[in-house]
Amino acid sequence: MEFKNNAFEILEERGFVMLTSHLEEIKKLLSDKPITFYLGIDPTADDLHIGHFFALQMFKILQDCGHKGVLLLGGATAMIGDPSFRNDMRRLITREEVDRNAREISGILHRFIDVDGDNPAIVVNNADWIRPKQYVDFMREVGVHFNVAKMLAAECYKNRLKEGGLTFFEMGYMLMQAYDFVYLNDKYDCIFQIGGSDQWGNILAGVELSRKMANKDGKERPVMVGMSCPLLTKMDGTKMGKTEKGVLWVNRDKTSVFDCFQYFSNVFDEDVERLLRFFTKLPIIEIIGLCKDDIVKAKRLMAFEVTKKIHGEEEALKAQETAKQLFSGGDATDAPTEEIQIENGASVVELLAKTSIVKSKREAREFIEAGAILIDNKQVASIDETLDKNKTEFLVKKGKKTFLKVIIK
RNA sequence: GGAAGGGUGCCCGAGUGGCUAAAGGGGGCGGGCUGUAAACCCGCUGGCUUACGCCUACAUAGGUUCGAAACCUAUCCCUUCCA
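Quick note: the first sequence uses this note's numbering, first residue 442, plus one each step.
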């Protein structure tokens, strides 16, 4: 792969650079020659959410410039759970769960970063080197370099300290992540760590640890550096990626392509420009122009491009077409569909209750009374209304944005 | 280890024997206006039920009482002060 020396400029103009441990050093390292960098993801779930996807963009940009990427799955760290910026302790997950999650995640990584080809990412799991570590050895080697007073002063633990304290167990998290960086340096000559801004404390801990721990041959370590990207937030400051159904996942069986497309079609106007910067390769000037000229069009383009990046072009096109048809009052072959069994000529309430868009008959009535239910584009006027006996397929609309094609078996 | 205060619904927070499925706010959902956006206005917001109603819920477990989120006892957790 051809080396490109402008990785830092790209990251900067696309808005990925938030904090750096050594700004000048990083610029120099990234423009001199290919280096090895790493990004860590804790397998706390069997899927990636949009925040991971965002961090992986950064990974891909570096990779495309010819730098060598190490993707670390935190099979050890996930067993503790990062306490950074949390109010409470994370629910503990079992070793089996963590291992299964790690397998699932490594199976979908290829959609976002290169894992084959001429500059493939190295996928590693810190369970391999941290789980076998002996406690006393670890404390002597790594723990000795950590100052508790300094750790407690860190912004990322403030919530925990305010809300009732931090367990010793969780404080071990930072030691482990810091050690990962040093370990990856010994093994792969990794000298650059990237991550979300919530990871900044842990990234810095690794940078500092690298200065304190001699390398495996007793030689001095090269300068190791870190950088964080902003968190993917909306203009009101809240995190992006929460949908009506829960977290916005990247896997289509957890969050459908249509829902993904819809999510991005409905973001605030103010967020469109940033999202275009993050997730497309369009020149910045063009992006700014687009948003200024026609924000609605820019938003549509962005929703399509992001969906394409997550699910591929074919699926994104389908979702786009489906949305277009549904919102213009038509039917759509690819609309979200559910098959149910119901008596001929049953009431609308019964039909709704059998689908996933309402939870119970009571709720179905509530929606009908609020005028929120349309069947085949006709508003359901009363809770006593029954279905057309001659049809086996209905297009149900709940509210302005929820569509469901119901087929009666 | 001691003392005082506290734990209420998704979140914040009022409530100190019946009028409490629990004020008020936030969030969420639905309606109107728009552009499938925001802002704004209106409605809904523990679950099930056509309905009468039933079930579950004010940290946990017991108790007092016709009746408890509220009173008592024990347990757990948190906050502040002292050690």
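Beta carbons: idealized from backbone N, C-alpha and C, even for Gly.
How is residue i classed by DSSP in three states: helix, strand or coil?
i      : result
Gly678 : coil
Val799 : coil
Thr843 : strand
Ile726 : helix
Thr485 : coil
Lys501 : helix
Val688 : strand
Lys819 : strand
Gly770 : coil
Phe444 : coil
His493 : helix
Lys898 : The question about residue 898 has no answer here: the residues shown for the chain are numbered 442 through 850.
Lys591 : helix
Ile848 : strand
Val539 : helix
Leu480 : strand
Thr827 : strand
Glu834 : strand
Thr763 : helix
Lys695 : coil
By a C-beta neighbour count over all protein chains shown, 10 Å radius and 16 as the cutoff for buried, is residue i buried or exposed?
i      : result
Val577 : exposed
Leu602 : exposed
Gly865 : This structure gives no information on residue 865, because the portion of the chain shown stretches from 442 to 850.
Gln820 : exposed
Lys750 : buried
Ser823 : exposed
Gly636 : buried
Ser585 : The residue you asked about is not Ser; residue 585 is Val in the sequence shown. Classification for Val585: exposed.
Leu513 : buried
His551 : exposed
Ile644 : buried
Phe610 : exposed
Gly522 : buried
If you draw a straight line from the C-alpha of residue i to the C-alpha of residue j, how long is it?
i      : j      : result
Glu804 : Gln504 : 50 angstroms
Asn560 : Thr833 : 53 angstroms
Glu453 : Arg536 : 38 angstroms
Asn528 : Leu793 : 38 angstroms
Phe500 : Tyr614 : 23 angstroms
Arg715 : Ser462 : 24 angstroms
Val623 : Leu723 : 37 angstroms
Lys653 : Lys695 : 44 angstroms
Lys838 : Glu807 : 14 angstroms
Leu480 : Val737 : 34 angstroms
Cys597 : Ala519 : 18 angstroms
Lys841 : Phe702 : 15 angstroms
Gly647 : Ile482 : 15 angstroms
Thr477 : Pro524 : 27 angstroms
Tyr466 : Pro573 : It should be pointed out that residue 466 corresponds to Glu in this sequence rather than to Tyr. One C-alpha to the other measures close to 34 angstroms.
Phe579 : Val565 : 20 angstroms
Taking the beta strand (DSSP E) that residue i falls in, what are its first and last residues?
i      : result
Gln634 : 631-637
Val698 : Per DSSP, Val698 belongs to no beta strand (DSSP E); it is in the alpha helix (DSSP H), 698-706.
Tyr576 : Segment 576-582 is the alpha helix (DSSP H) holding Tyr576; no beta strand (DSSP E) there.
Glu780 : 778-781
Ser669 : 666-670
Gly516 : Segment: none, Gly516 is in no beta strand (DSSP E) and carries neither H nor E.
Asn566 : 563-566
Whole-angstrom Cβ separation of residue i and residue j, contact assumed at under 8 angstroms?
i      : j      : result
Gly682 : Gly492 : 6 angstroms
Gly516 : Asp540 : 6 angstroms
Thr485 : Ile534 : 7 angstroms
Tyr629 : Val713 : Their Cβ separation, rounded to whole angstroms, is 38 angstroms, which puts Tyr629 and Val713 out of contact at 8 angstroms.
Val747 : Phe709 : Contact flag wrong, Cβ pair sits at about 15 angstroms.
Phe457 : Cys670 : 5 angstroms
Val666 : Phe633 : 6 angstroms
Ala448 : Leu471 : 5 angstroms
Met676 : Glu711 : 4 angstroms
Glu826 : Val789 : 5 angstroms
Thr763 : Val847 : Between Val847 and Thr763 the Cβ distance is about 16 angstroms, and since that is not below 8 angstroms, they are no contact.
Met592 : Met617 : The pair is not a contact, with the Cβ atoms about 13 angstroms apart (cut-off 8 angstroms).
Leu460 : Ser638 : 7 angstroms
Gly642 : Ala595 : 5 angstroms
If you follow the alpha helix (DSSP H) that residue i is in, where does it begin and where does it stop?
i      : result
Ile429 : Outside the shown range of the chain, which is 442 to 850, sits residue 429, and nothing can be said about it.
Asn785 : It is not in any alpha helix (DSSP H) - Asn785 carries neither H nor E in the DSSP assignment.
Leu464 : 464-473
Ile521 : Neither: Ile521 is in no alpha helix (DSSP H) and is coded neither H nor E.
His752 : 736-752
Leu550 : Neither: Leu550 is in no alpha helix (DSSP H) and is coded neither H nor E.
Lys653 : 641-653
Val713 : 710-720
Just to confirm, does residue i get its C-beta within under 7 angstroms of one of the non-hydrogen atoms of the ligand FMN?
i      : result
Thr796 : This structure lacks the ligand FMN, and indeed carries no ligand of any kind.
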